[in-house]
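Report on the following structure.
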Amino acid sequence: VLNACLCHGVVPIDTPPLAVGLECGLAERHFQSAHDSGFRSGVLLHPLQTKIANNIFSPCPDKVEEYKEDIYPWLEKRQTGYILNSGNDFVGPPHMKQKHW
17 VLNACLCHGV
27 VPIDTPPLAV
37 GLECGLAERH
47 FQSAHDSGFR
57 SGVLLHPLQT
67 KIANNIFSPC
77 PDKVEEYKED
87 IYPWLEKRQT
97 GYILNSGNDF
107 VGPPHMKQKH
117 W
């Protein structure tokens, strides 16, 4: 399901954890595993899970600022800034799209 969503430009949302599990970390482990697998969000069963899910699925402010200078030129001109044989890492359209998510 995850790959099908990503191939078709649909935001994949994970299933909810079946136990609230705040005291033993079940919800946090569930959401972290989903995030690590490539899911962009998750369904919550309890309001107490909101903070955990937001912390895991939201981009950190430092990364947002770091990516802004790369994302906006790509969105406007579809230019990655990569120079062939420069020795720099290649950042292509799929990478830019992932940064934009």
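The sequence shown: position 26 = 42 (our numbering), numbered continuously. Ideal Cβ positions, reconstructed from N, Cα and C, are used throughout, including at glycine.
Would you mind giving the Cβ-Cβ distance between residue i and residue j, rounded to the nearest angstrom? I have them listed as a contact below 8 Å.
i     : j     : result
Gly54 : Leu18 : 5 Å
Phe73 : Arg45 : Actually they do not touch by this definition, with Cβ atoms about 14 Å apart.
Who pairs with residue i in a beta bridge, going by DSSP?
i     : result
Asp30 : Gly58
List the endpoints of the continuous alpha helix (DSSP H) containing residue i.
i     : result
Leu91 : Pro77 to Lys93
Cys40 : Note, Cys40: premise wrong, no alpha helix (DSSP H); not H, not E.
Leu18 : Leu18 to Cys23
On the criterion of 16 or more Cβ atoms from any shown chain inside 10 Å, does residue i qualify as buried, or is it exposed?
i     : result
Ala20 : exposed
Gly41 : exposed
Gly58 : buried
Taking Cβ positions only, does residue i come closer than 8 Å to chain B?
i     : result
Leu60 : Within the model displayed, chain B is absent; a lone protein chain is all it includes.
Cβ contact (3+ pairs, closer than 8 Å) linking the region 40-55 and the region 19-32 | With a cut-off of 8 Å, the region 19-32 and the region 40-55 count as touching, because enough Cβ pairs lie within range.
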